[in-house]
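Chains as they are written, first to last, in this note's numbering: chain A, 96 to 259; chain B, 96 to 259; chain C, 96 to 259; chain D, 96 to 259. Every residue, glycine too, gets a C-beta built ideally from N, C-alpha and C. Inspection log for the structure reproduced underneath, given as structure tokens.
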């Protein structure tokens, strides 16, 4: 009965193109029956992906930086305030079967790094932080995706045949 | 669309009576349409309440002490490993609209203390840690409940008319 | 070469009597050559105990609730911001060889609870949260102390002959 | 009275060259009168840098991944167990005036990322994770250093004239 969780990471501010990608990856995650988990803020990649998933009838879990339930996207089903600040990044990573990293800053980069260290599958959508970084992080597999559709294909391939 | 979350706290080991109470409070939470959140372990109050909620068709979120997804109750819908140890107690508290505290040790007592400090409604089920402790913790309201039915009545009363 | 750390817990606001007790326990900790660790805020029990220790030539470590180095007592040698909010309470507890709990609210009560759960020696100075609470928390030993001098005697007795 | 803290990050396992670099950066930090802070493990970059600092008469703070005081380098003055797992990485970063990143995996990369996000000065010693990663993380300044001496020069320059 355990649900498959796809984590979508990314910044509070992002380019229009990245926000559009986040919205569409959110929609596609919901259409495939997976649960979306993100950082839950009412802005940026978090809000855009949540809106996409909700408009497609999906379920969204938001793990908040702050301790305030009201500082959250309106598109969340489950609001989990933590008050842990960046200490909550590790929860996002460990709770995800697959991590999709959209455009972001050091917070997002730290989530990619920890996801690979804890052997999560990471898909980097729409940008490239470089193999010099990604290859160093750990044993999780990573790949780049140019579009949400490509990211979804990579998620499906992984979930159908997870790395041993 | 935000779901109401009732947190059920309690120990890894507990008396048969407390485990029975946890099972029934889990059932009743599900029957009322609320989501159950707990520490997610495959034992004690956590496992018993999860089983109760699932057998009644409910939804259960487990926020794990460990970083290992597999060290979790089989009755969870959403498994959130944290690797934060006791640092995750604050998440359980902040994520709950109402906290039900069953028999437990220092972990559970710390959750009661932080829940009252962060102004959550706390219902202590089946034991009494004393007003000398409870009154000192903060501005959240607390009450004792002798039975799961009594606890549910208190939850309903609170959710219908939350403290300002 | 490992230093003995005495943690002093307590609230942001406290009675004049409790603040005076915190100042004196800080002084006495320093005079005995132990390191003081607390939550590092520039107010309440934290600031008073830090001032006491510094005025007696001691060393003080502050583990901050916030992520801002500047929101800290001026009497700290080592300022450790965490941004973890109440998630940092567990650090204070685990880092202390002995915990002295002064007047406080749910934050302080949560620290007492976790300290006893993780088998730390706890001395409650100047108030009494009740045996119904303290006995339930775990295997750490606890005692009440009416004065800073009494607390210091209890710390000395413990450090000279720690519980097995 | 607040001490200057230099954080040294790096992996549990590392090449002989990186371990030698960590030992020497530890020595040099102590010789300059700064306090060394690291993850405190009894192995890898953490143990090597601690040993270097202690052999030069310095002070070392270890912020542990685990909740066990005994799973720590013997070269620490202050042992701070957290039990927070990777959640403690943010403490290492926020507590440091300057961060020196030695060879490591995803844990170290996450610390670089968060350090730059929180505007800390980061010096990468002996390897290069790439500007495509480093430039994306945030507003903190970063530089590469080929040797411990070069790293120390960069630390000195920063501490004498910190970024506004």
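Could you give the distance in angstroms between the alpha-carbon of residue 104 of chain B and the alpha-carbon of residue 202 of chain B? 9 Å
Residue 216 of chain C CB to nearest chain D CB: under 8 Å? Not closer than 8 Å to any Cβ of chain D, the Cβ of residue 216 of chain C fails to qualify, so no.
With distances taken from CA atoms, which of B/99, B/113, B/101, B/97 is nearest residue 223 of chain B? B/113
By DSSP, does residue 159 of chain D sit in helix, in strand, or in coil? In the structure shown, residue 159 of chain D sits in a strand (DSSP, three-state: E or B).
At the 8 Å Cβ level, is residue 263 of chain B part of the contact set with chain C, yes or no? Any property of residue 263 of chain B remains undetermined from this structure, which presents chain B solely from 96 to 259.
Short check: CB of residue 168 of chain D to CB of residue 157 of chain D, under 8 Å? yes
From this set, C/148, C/210, C/161, C/236, which residue's C-alpha is nearest residue 178 of chain A's C-alpha? Nearest C-alpha to residue 178 of chain A: C/161.
Compute the distance between the beta-carbons of residue 200 of chain B and residue 231 of chain C, then report whether it is under 8 Å. The answer is yes: Cβ separation under 8 Å.
Compute every distance between the C-beta of residue 230 of chain C and the non-hydrogen atoms of the ligand NAD, then say whether any falls below 7 Å. Absence of the ligand NAD from the depicted structure is noted, as is the absence of any ligand whatsoever, leaving it without description.
Alpha-carbon to alpha-carbon, residue 163 of chain A and residue 173 of chain A: 14 Å
Chain A contact residues for residue 191 of chain C, given Cβ-Cβ distances below 7 Å: Correct list: empty, because the minimum Cβ distance to chain A is about 20 Å.
Quick check on DSSP: helix, strand or coil for residue 170 of chain A? coil
Shorter than 8 Å from the beta carbon of residue 163 of chain D to some beta carbon of chain B? no
Against chain A, does residue 174 of chain B count as a neighbour if the rule is that its beta carbon must be under 8 Å from one of theirs? yes
In angstroms with no decimal places, state the Cα-to-Cα distance between residue 259 of chain B and residue 217 of chain A. Since pLDDT at residue 259 of chain B reaches only 49, below the 50 mark, its modelled position is unreliable, and no value is offered.
Please give the ranges of any alpha helix (DSSP H) in the stretch 183 to 238 of chain A, keeping only runs that are unbroken, at least 4 residues long and fully inside the region. 184 to 189, 201 to 212, 226 to 232
Counting only beta-carbon separations shorter than 8 Å, does residue 135 of chain B have a partner in chain D? no
Where residue 106 of chain C falls: helix, strand or coil (DSSP): coil
For the alpha helix (DSSP H) holding residue 123 of chain A, just list the boundary residues, first then last. Counting along the chain, the alpha helix (DSSP H) containing residue 123 of chain A begins and ends at 111 to 126.
Measure from the alpha carbon of residue 236 of chain D to the alpha carbon of each residue in D/198, D/242, D/226, D/245, then state which is nearest. D/226
Endpoints, alpha helix (DSSP H) assigned at residue 254 of chain A: Looking at the DSSP string, the run of the alpha helix (DSSP H) that includes residue 254 of chain A is 243 to 255.
Rounding to the nearest angstrom, what Cα-Cα distance links residue 137 of chain A and residue 155 of chain A in this structure? 13 Å
Who are the Cβ neighbours of residue 135 of chain B in its own chain at under 7 Å, not counting the five residues just before and after it? 141, 157, 158, 159, 167, 168, 171, 174
To the nearest angstrom, how far is the alpha carbon of residue 61 of chain A from that of residue 132 of chain D? In this structure chain A extends from 96 to 259, so residue 61 of chain A is not present and cannot be described.
Where the beta strand (DSSP E) containing residue 131 of chain C begins and where it ends: 130 to 133
Cβ of residue 253 of chain C within 8 Å of any chain D Cβ: no
Thinking C-alpha only, which one of D/147, D/249, D/192, D/197 is nearest residue 176 of chain C? D/192
Between residue 196 of chain B and residue 207 of chain B, is the Cβ-Cβ spacing less than 8 Å? yes
Rounded to a whole number of angstroms, what is the C-alpha to C-alpha distance between residue 238 of chain B and residue 220 of chain B? Straight through space, the alpha carbons of residue 220 of chain B and residue 238 of chain B are spaced by roughly 9 Å.
CB contact check: residue 144 of chain D to chain A, cutoff 8 Å: no
Between residue 120 of chain A and chain D, is the shortest Cβ-Cβ distance under 8 Å, so that the two count as touching? Closer than 8 Å: no.
Tell whether a beta-carbon distance below 8 Å holds between residue 260 of chain A and residue 233 of chain A. Nothing can be reported for residue 260 of chain A: it is not among the residues displayed for chain A, which extend from 96 to 259.
Which of the three DSSP states is assigned to residue 148 of chain A in this structure? helix
Residue 109 of chain D and residue 124 of chain D - do their beta-carbons sit closer together than 8 Å? No, they are not a contact pair.
Could you name the residues that DSSP lists as bridge partners for residue 240 of chain D? D/220
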